[in-house]
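Taken in sequence, the protein lines are chains A, B, C, D and E.
Going left to right, the first sequence walks through residues 1 to 332 as this note's numbering numbers them.
Going left to right, the second sequence walks through residues 333 to 664 as this note's numbering numbers them.
Going left to right, the third sequence walks through residues 665 to 996 as this note's numbering numbers them.
Going left to right, the fourth sequence walks through residues 997 to 1328 as this note's numbering numbers them.
Going left to right, the fifth sequence walks through residues 1329 to 1660 as this note's numbering numbers them.
Below is one structure; the comments refer to it alone.
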Amino acid sequence: MIVDNALYHHGRRVPVGEGADQSLGSARVPCDPGDFQWIGIHEPSPDELQLIADTFGLHPLAVEDAGDSHQRPKLEHYGDTLFLVLKTLWYVDEEDAVETGEINMFVGADFVVTVRHGEGIDLADSRRDLEERAQVLEHGPMGVMYAICDRVVDEYERVGAALEEDVDEVEESVFSPARTDDANRIYVLKREIAEFRRAVMPLREPMRKLAMEGFDTTGVEGHVTSETATYFRDVSDHLQRVSELVDNLDVLLSTAFDAHLARISVQQNEDMRKISAGAALVVVPTLIAGIYGMNFEHMPELGWVYGYPFALVLMVGVATGLFAWFKKSGWL
Amino acid sequence: MIVDNALYHHGRRVPVGEGADQSLGSARVPCDPGDFQWIGIHEPSPDELQLIADTFGLHPLAVEDAGDSHQRPKLEHYGDTLFLVLKTLWYVDEEDAVETGEINMFVGADFVVTVRHGEGIDLADSRRDLEERAQVLEHGPMGVMYAICDRVVDEYERVGAALEEDVDEVEESVFSPARTDDANRIYVLKREIAEFRRAVMPLREPMRKLAMEGFDTTGVEGHVTSETATYFRDVSDHLQRVSELVDNLDVLLSTAFDAHLARISVQQNEDMRKISAGAALVVVPTLIAGIYGMNFEHMPELGWVYGYPFALVLMVGVATGLFAWFKKSGWL
Amino acid sequence: MIVDNALYHHGRRVPVGEGADQSLGSARVPCDPGDFQWIGIHEPSPDELQLIADTFGLHPLAVEDAGDSHQRPKLEHYGDTLFLVLKTLWYVDEEDAVETGEINMFVGADFVVTVRHGEGIDLADSRRDLEERAQVLEHGPMGVMYAICDRVVDEYERVGAALEEDVDEVEESVFSPARTDDANRIYVLKREIAEFRRAVMPLREPMRKLAMEGFDTTGVEGHVTSETATYFRDVSDHLQRVSELVDNLDVLLSTAFDAHLARISVQQNEDMRKISAGAALVVVPTLIAGIYGMNFEHMPELGWVYGYPFALVLMVGVATGLFAWFKKSGWL
Amino acid sequence: MIVDNALYHHGRRVPVGEGADQSLGSARVPCDPGDFQWIGIHEPSPDELQLIADTFGLHPLAVEDAGDSHQRPKLEHYGDTLFLVLKTLWYVDEEDAVETGEINMFVGADFVVTVRHGEGIDLADSRRDLEERAQVLEHGPMGVMYAICDRVVDEYERVGAALEEDVDEVEESVFSPARTDDANRIYVLKREIAEFRRAVMPLREPMRKLAMEGFDTTGVEGHVTSETATYFRDVSDHLQRVSELVDNLDVLLSTAFDAHLARISVQQNEDMRKISAGAALVVVPTLIAGIYGMNFEHMPELGWVYGYPFALVLMVGVATGLFAWFKKSGWL
Amino acid sequence: MIVDNALYHHGRRVPVGEGADQSLGSARVPCDPGDFQWIGIHEPSPDELQLIADTFGLHPLAVEDAGDSHQRPKLEHYGDTLFLVLKTLWYVDEEDAVETGEINMFVGADFVVTVRHGEGIDLADSRRDLEERAQVLEHGPMGVMYAICDRVVDEYERVGAALEEDVDEVEESVFSPARTDDANRIYVLKREIAEFRRAVMPLREPMRKLAMEGFDTTGVEGHVTSETATYFRDVSDHLQRVSELVDNLDVLLSTAFDAHLARISVQQNEDMRKISAGAALVVVPTLIAGIYGMNFEHMPELGWVYGYPFALVLMVGVATGLFAWFKKSGWL
């Protein structure tokens, strides 16, 4: 579905013939030097994609990739066009889960085509924000690329922060005295962090490249200035920060898991001692009862009037003594 | 066994003299510039290999490697010939097992020789598919190499997806309440993933090389264009994706294994507490029985008419109380 | 809040018009070649930052970073200005905790702007110290940068030493016979070490760059001599040392954790044996009591005058014998 | 001990004066351009080594290394001489152990000196094989170096295969129901694999160097052709394969060890449940006996004629019921 | 304390004016081209260091480092002077401990200043040895540097061998049937190995640099020949060997620790089974006693003359039977 299609002239949106905008879809709007056209698509049908590919002369292999939503992040040259794949991530609070989508971007000298898969980041919002920042739009297609990367990486930071909170909760749970099934939660979190890394890690190299002033963006050349590089350096830096954060969380989770294992062992130990102490409170009186259950003819206690209460008191006394002793030595 | 032998002219299969095709076997067909001959062999006898080696002037060390089916993936120059070793992988559903085969490929200026070991990927199919894609065949021997690599890596992705499902199953089993011998399954899966990696990892470097535009394919030179590089870049990218997937699975399995260990400990803990609680239900009544088994002369309960039922009720009552208490505190 | 604002001339502080110093805040003081102005700010408001940014022509992206206190350490060029982000660390004894702050530094040809977030290192102190070391101040803005880096890294070493002590304590606790909850402490320490590493590791590359004689500090150029490089090499070396120390502590903690796990197991083993031995001391006499509680008509002991004492002595004797045996074999 | 000493002329062994061969030992035989002399020594005395060092002008540091059998594999230039250290490995079936020896090789323009320590690979055999492969010997001293490296690496592959079998056995043992002390076997295997790696890993770099066509073999230059490089590339490739195999085995062993640990825990769990079930079969009848051992005056069962058999049947019945229940729920 | 001070002329020690030698201390002795002065200091006071720094024009930062004994190994240029920091290691048999000291070395065109901290390697011995090896001394200051590095690294090898023995002992202890607290020993050894690595690892890079023929030793230039490089290559190689040895020991210790953990589990398992078997030997006879303690009126055994002995024999018989059964099934 073609979501939006506009022409940008000196950093300002220029109305394209109303009909042309939506119905013609991917039709190429002739533009002056320095102008560029930006088409946004969401989960396109193969036909839509093909139409756009034909219009802008996109490479079949890149188009094939763009139609699929299981790419890994990458930046590639196809002739005069730059092709960028980004994973979008967002955090669904209700499920404590990280969801993933994908943005594919074709950037040429005078056009940008963005193909979005899945939900998450609303490029229409990004476009509106961007249209108000003429100084970025003035950098042309590379400015659009920057704006989208910036938006996506900002979202990564939000997800990273949410994961950090989850790790804090797990940590608290591990060290709380309650018996909790932290192994399961840690596993789920580790899995999400792995998902996160698969989105973030491969993107670092492309961002690093775009942040280098001399990076060869054949065909889009006219638009790459040292200023653009500065912008991408900022994105690259944020990406670096979020990836370090997540690496750190991963290591912390492993440590928390080990601590969880230790805690299970310690608890088993304590349980065992409690159980043994409890058992002692029963078996020792049983021994006493056994003694007075012996059938010797000459057992003076048996004839005492208060023999029975004496025996009971003895049992309770011994049990109480044991109880106090176990308490003192930390077994109960 | 020589499976097929054909001449390709401008991306089209050209009939070779009928007899020549099969019986002459490896006989070199004279060809115009731009044409090339493609011979496919399956588990050749040493004699067949030698015949072909002599015909196309292949290097003895490469021929020795091609006759053996335990090579590691690699790309090498032997004079004017490129020699590529690929591991083929396929997933056997019935056994949840990954099987491996091997394809060795000699690529010269005007010939391709493919030597296949084991089952798995049917090169005859690939050839038929390829013959319908003239635009690839037009790239000559390098086009054939691309088509086969693409086919093999596609199969890797299928195997990767199957392994992913297996890991999901293991994961579910680990976190299910049932007592399952997950250690064994995890081990087997890890072993298969190791097998997988041994096929995939060493192939990354050759694919990366072929994806570089300036890569020196001496003797095959005339056929390497920036277009071919683009094709191999696509293969390389898929390879990268599948190898990241499998690395990720490996890490997940390790985490799942740790969770399995934690679960065993937790279960032992729970069993121990259940057992102890169960024991308490027996030993406390035993103590009561012991008390009324004492032989004191003055034990008023002994003379009661309802002394015996009272004792039984006491036992059952205490046991019931304990049972309720254990239930409440989660020990039973 | 603007903390200090001064002009330095040939390594000496030059009084700036009193009013100008504080109230004008970020006003640029005209200076001769070789002189430079140093403004120190602490947790600035966005307006203060903007004022300074306008005065010295700082890049908006860098200014945005400087206003935020969650940057990762980095060194960047923005046009003629070097922008350095440092994490400050200090150790709070009472809580055994590592606290973090941040220093952002803009260094131009004739100015230094330091923006500090959080407590920790008092730059006013550093400034006073530095003002007494004319030979460092003579190196101009880069000299100030060196002095601050040196101060910050010195503090890292102090924190590293404090962590080392903490690790020593944990180690002692792990191998002491007492039952201690070392898992928790080890976790907390590991977390702090991770914090530490996040401050220290990314700083190594910037320091290494500044230590290279030929490093291009565009715009600040006039001040970078091989002598400055020597100074930064010293900082870089200390940074290397402290990061190796902390890596080492991290590994030691992991080993200590493993040892802690082993110790828990060993203790459980010993407890189990003690418990069993203790149980034996009760159940064996119980068996004896059971025997003399049997109702056979012909049991000679029952008729003995000293039968009862005999039985008691037997019980005590057997228990004592068992006790001695368990003691000898290390079970009690 | 000088084992053999011969002159090779155009790939053919040329008889050296009989006496000269053995008694003169290291005497240098004058040779035509293209000829070379090959002396083989086994565990030489310091004097023998010195004699040879003087004759061929070997560097004292290399000679010192060659006299010692605890070198690490390396390739070095000493002036005009290449010095190669190889570890030889072989597998002793009876002890399931990997043994190590060492070959030191000096290669000059017209001589090869091989110094062997320990048993294992019989260089006399290698020499005889080589003398029948004139096309290799024609490459002169570098041909000899190739042949020996090839022989040594072939042996590595045999050892690797033997270790693979051992790992398979361990794996089977870990997952067999029998209680086996796999920890010990795994440790021993890991130790042997470490030994293996110490022989193989450092050799990869020298082989890689020799496989590069442009590698500077000063003084031996005349003999290094692209053909020689091809040969060494083959050795290098086999070395790579065997080192990947062994890395893989190491990882498998670690996984097998973890599985072993899990199995111990599972077995302990099962034992504990069996024991508890067994105990229940005794303590419940004991409770029943205790009940009928109570001294109440009014216990109707006590007066029954079949009271006693009834009690016994009750005991057996309860025990049988419990037994069946435990069997069903998998505790026995 | 200035330990020694001498002038070397063509590899020979030249007497310096007696008084000058010790009392003038660091006075610079005028020397001919090719001569050099070597001053050895042990734990100098700040004043002594300053005196020497002034005499030879040493850089203040290097002098500061040399006065401190907690440097990490490094090689640095300060103007015309090379500054090398070495950690010395030695093994104290009585305590099974590795001790560390430090040697700082300033090497200029015509002087060497060695500053030693801590005990360990006696440089006076090294000097005497060196004075007898004129061919090394002839290489001038770099020859002295080589000799000291060689001495230090030799000592590393001795320490490495001692650690290897310790690891062998631990290994034996882990797999011995005795219950030993191996966790503690392994921890201590790991700590010492970490210490060792901190001394050895950072030294590899400096040694590698000195082993490169073209290494720029500004100011000491005249003395660096390809021969010197050969010497340092030898040191570098030994360093490599010892660092591989120690890495290997570290890995072995980790494996041994895991095996220790497994052994604890296995022992606990065995203990549990022994305890249970032991318990069975008591509770089963207790059940029998309980049965004959029941108060049924019609229990024929109670009236038998040999009822009591029969019961005792029954108890012993059952216990013996159980004992035999447990023995057979490996529980006792």
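C-beta atoms are modelled at their ideal positions from N, C-alpha and C, and glycine is treated no differently.
Self-check item: Any C-beta of chain E under 7 Å from that of T984 of chain C
Solution: In the third sequence, the residue the question calls residue 984 of chain C occupies position 320. Taking a beta-carbon distance threshold of 7 Å, T984 of chain C does not count as an interface residue toward chain E.
Quiz item: Do L634 of chain B and F1292 of chain D come within 7 Å of each other at the CB atom, strictly closer than that value?
Solution: Residue mapping note: residue 1292 of chain D aligns to position 296 of the fourth sequence, counting from 1. Residue mapping note: residue 634 of chain B aligns to position 302 of the second sequence, counting from 1. In this structure, L634 of chain B lies closer than 7 Å to F1292 of chain D by Cβ.
Quiz item: From what residue to what residue does the alpha helix (DSSP H) around Q735 of chain C run?
Solution: Residue 735 of chain C sits at position 71 when you count from the first residue of the third sequence. In the DSSP assignment, Q735 of chain C falls outside any alpha helix (DSSP H), carrying neither H nor E.
Quiz item: Can at least three beta-carbon pairs, one atom from the stretch 109–118 of chain A and one from the stretch 154–166 of chain A, be found at a separation below 8 Å?
Solution: At 8 Å Cβ cutoff, the stretches do not touch.
Quiz prompt | Meets three-Cβ-pair contact criterion under 8 Å: the stretch 757–765 of chain C and the stretch 796–803 of chain C | solution = In the pairwise beta carbon analysis, the stretch 757–765 of chain C is classified as not touching the stretch 796–803 of chain C: fewer than three pairs are separated by under 8 Å.
Quiz item: Of the residues D:G1116, D:W1300, D:A1062, D:F1052, which one's Cα is nearest the Cα of D1106 of chain D?
Solution: Here the question's residue 1106 of chain D lines up with position 110 in the fourth sequence. Nearest of D:G1116, D:W1300, D:A1062, D:F1052 to D1106 of chain D, Cα basis: D:F1052.
Quiz item: Cα-Cα, which of A:F310, A:D35, A:H238, A:R12 is closest to P285 of chain A?
Solution: For this step, residue 285 of chain A is matched to residue 285 along the first sequence. Checking every option, the nearest Cα to that of P285 of chain A belongs to A:F310.
Quiz item: Taking the alpha-carbon positions, what's the M207 of chain A to A1539 of chain E distance?
Solution: Start at 1 with the first residue of the first sequence, and residue 207 of chain A comes out as number 207. Start at 1 with the first residue of the fifth sequence, and residue 1539 of chain E comes out as number 211. The alpha-carbon atoms of M207 of chain A and A1539 of chain E are separated by roughly 39 Å.
Self-check item: Backbone secondary structure at N669 of chain C - three-state DSSP
Solution: Position 5 of the third sequence, counted from the start, is the residue given in the question as residue 669 of chain C. Strand at N669 of chain C.
Practice problem: Say whether the stretch 1380–1397 of chain E touches the stretch 891–899 of chain C, bearing in mind that this needs 3 or more beta-carbon pairs closer than 8 Å, one atom from each stretch. | Solution: By the Cβ test, the stretch 1380–1397 of chain E is in contact with the stretch 891–899 of chain C, since at least three Cβ pairs between them sit closer than 8 Å.
Quiz item: To which residues does DSSP link A1425 of chain E through a beta bridge?
Solution: By one-based count along the fifth sequence, residue 1425 of chain E stands at place 97. Here A1425 of chain E is bridged, per DSSP, to E:V1420.
Quiz item: Do you know whose CA, among C:S929, C:V852, C:S993, lies nearest L827 of chain C's CA?
Solution: By one-based count along the third sequence, residue 827 of chain C stands at place 163. Among C:S929, C:V852, C:S993, the Cα nearest to that of L827 of chain C belongs to C:V852.
Quiz item: Among residues of its own chain, excluding the 5 on either side of D4 of chain A, which ones have a beta-carbon nearer than 7 Å to its beta-carbon?
Solution: In the first sequence, counting from the first residue as 1, residue 4 of chain A sits at position 4. Closer than 7 Å at Cβ, skipping near neighbours: G40, A124, R127.
Exercise. For the stretch 510–532 of chain B, enumerate the residues whose C-beta is nearer than 7 Å to any C-beta of chain D, in chain order.
Key: Within the stretch 510–532 of chain B, the residues whose Cβ lies closer than 7 Å to some Cβ of chain D are A515, N516, Y519, K522, R523, A526, R530, listed in chain order.
Quiz item: With a CB to CB cut of under 6 Å and the five nearest residues on each side skipped, what residues in its chain are close to G1353 of chain E?
Solution: What you label residue 1353 of chain E is simply residue 25 of the fifth sequence in a count that begins at 1. Because the pLDDT at G1353 of chain E is just 49, under 50, the model does not fix this residue reliably, and the point stays unresolved.
Quiz item: Nearest-angstrom Cα distance between M647 of chain B and Y640 of chain B?
Solution: Counting from 1 along the second sequence, the entry for residue 647 of chain B is found at position 315. Counting from 1 along the second sequence, the entry for residue 640 of chain B is found at position 308. If you take the alpha carbons of M647 of chain B and Y640 of chain B, they lie about 11 Å apart.
Practice problem: With W995 of chain C as the anchor, note down where its beta strand (DSSP E) starts and where it stops. | Solution: Your numbering for residue 995 of chain C matches position 331 in the third sequence. For W995 of chain C, no beta strand (DSSP E) encloses it, and the DSSP letter there is neither H nor E.
Quiz prompt | Any C-beta of chain A under 7 Å from that of G967 of chain C | solution = Working through the third sequence from its first residue, we reach residue 967 of chain C at position 303. Yes, its Cβ sits closer than 7 Å to a Cβ of chain A.
Quiz item: So is M315 of chain A in contact with chain C if we call contact Cβ pairs under 7 Å?
Solution: As a first step, residue 315 of chain A is located in the first sequence; it is residue number 315 there, counting from the start. Interface with chain C (7 Å Cβ-Cβ cutoff): M315 of chain A is excluded.
Quiz item: beta strand (DSSP E) containing R872 of chain C: first to last residue?
Solution: Counting from 1 along the third sequence, the entry for residue 872 of chain C is found at position 208. First-last for R872 of chain C: 846–874, but that is the alpha helix (DSSP H), not the beta strand (DSSP E).
Practice problem: Output, in sequence order along the chain, the residues in the stretch 1618–1630 of chain E whose CB is closer than 7 Å to any CB in chain D. | Solution: Residues passing the 7 Å Cβ filter: G1618, I1619, G1621, M1622, N1623, F1624, E1625, H1626, M1627.
Practice problem: Identify which residue in B:G662, B:M631, B:I620 has its Cα closest to the Cα of G649 of chain B. | Solution: On the second sequence, residue 649 of chain B is found 317 positions in, with the first residue counted as 1. Of the candidates B:G662, B:M631, B:I620, B:I620 places its Cα closest to the Cα of G649 of chain B.
Exercise. Could you work out which residues of chain C lie near N269 of chain A, taking near to mean beta carbons separated by less than 8 Å?
Key: To locate residue 269 of chain A, count along the first sequence from 1; it is residue 269. Chain C residues near N269 of chain A: I928, Q931, Q932, D935.
Exercise. Would you identify the three-state DSSP class for V678 of chain C, choosing helix, strand or coil?
Key: As a working mapping, residue 678 of chain C is identified with position 14 in the third sequence. V678 of chain C carries a strand assignment under DSSP once its states are collapsed to helix, strand and coil.
Exercise. If I'm right that K406 of chain B touches D1233 of chain D with Cβ under 8 Å, what's the distance once you round it to whole angstroms?
Key: Within the second sequence, residue 406 of chain B is the residue found at index 74, counting from 1. Within the fourth sequence, residue 1233 of chain D is the residue found at index 237, counting from 1. In this structure K406 of chain B touches D1233 of chain D by the C-beta definition: roughly 6 Å separates them, less than 8 Å.
Quiz item: By how many angstroms is the C-alpha of A1506 of chain E removed from the C-alpha of L664 of chain B?
Solution: Locating residue 664 of chain B in the second sequence gives position 332, where the first residue counts as 1. Locating residue 1506 of chain E in the fifth sequence gives position 178, where the first residue counts as 1. L664 of chain B and A1506 of chain E: Cα-Cα distance of roughly 38 Å.
Self-check item: Where the beta strand (DSSP E) containing F775 of chain C begins and where it ends
Solution: What you label residue 775 of chain C is simply residue 111 of the third sequence in a count that begins at 1. Where F775 of chain C is concerned, the enclosing beta strand (DSSP E) stretches over 775–781.
Quiz item: Can you pull the DSSP bridge partners for K1083 of chain D?
Solution: Numbered from its first residue, the fourth sequence carries residue 1083 of chain D at position 87. Here K1083 of chain D is bridged, per DSSP, to D:E1098.
Quiz item: Based on the DSSP secondary-structure assignment, which residues constitute the bridge partners of W38 of chain A?
Solution: Working through the first sequence from its first residue, we reach residue 38 of chain A at position 38. Answer is A:A6, A:V112, bridged to W38 of chain A.
Self-check item: Buried or exposed (CB count within 10 angstroms, at least 16 for buried), K1323 of chain D
Solution: Numbered from 1 along the fourth sequence, position 327 holds the residue referred to as residue 1323 of chain D. Exposed: under 16 other Cβ atoms inside 10 Å.
Practice problem: Could you spell out where the alpha helix (DSSP H) holding I291 of chain A opens and where it closes? | Solution: Position 291 of the first sequence, counted from the first residue, corresponds to residue 291 of chain A. Taken as a continuous stretch (DSSP letters only), the alpha helix (DSSP H) holding I291 of chain A covers 226–292.
Practice problem: Run down chain A in chain order and give the residues with a C-beta less than 9 Å from the C-beta of P949 of chain C. | Solution: Start at 1 with the first residue of the third sequence, and residue 949 of chain C comes out as number 285. Within chain A, the residues near P949 of chain C are L287, G290, I291.
Exercise. Give me whichever residues DSSP pairs with Y410 of chain B in a beta bridge.
Key: For the purposes of this step, residue 410 of chain B is identified with residue 78 of the second sequence, where counting begins at 1. Beta-bridge pairing links Y410 of chain B to B:T413.
Quiz item: When Cβ atoms are compared, which residues of the stretch 898–928 of chain C fall closer than 8 Å to chain E?
Solution: So the list reads D898, D901, Q904, R905, E908, N912, V915, L916, T919, A920, D922, A923, L925, A926, R927, given in the order they occur along the chain.
Quiz item: Which class does V637 of chain B belong to by DSSP, given the choice of helix, strand or coil?
Solution: Your numbering for residue 637 of chain B matches position 305 in the second sequence. V637 of chain B: coil per DSSP, three-state reduction.
Self-check item: Residues near L281 of chain A in its chain [Cβ-Cβ closer than 7 Å; skip 5 each side]
Solution: One-based indexing of the first sequence puts residue 281 of chain A at position 281. Cβ within range, chain order: A319, L322, F323.
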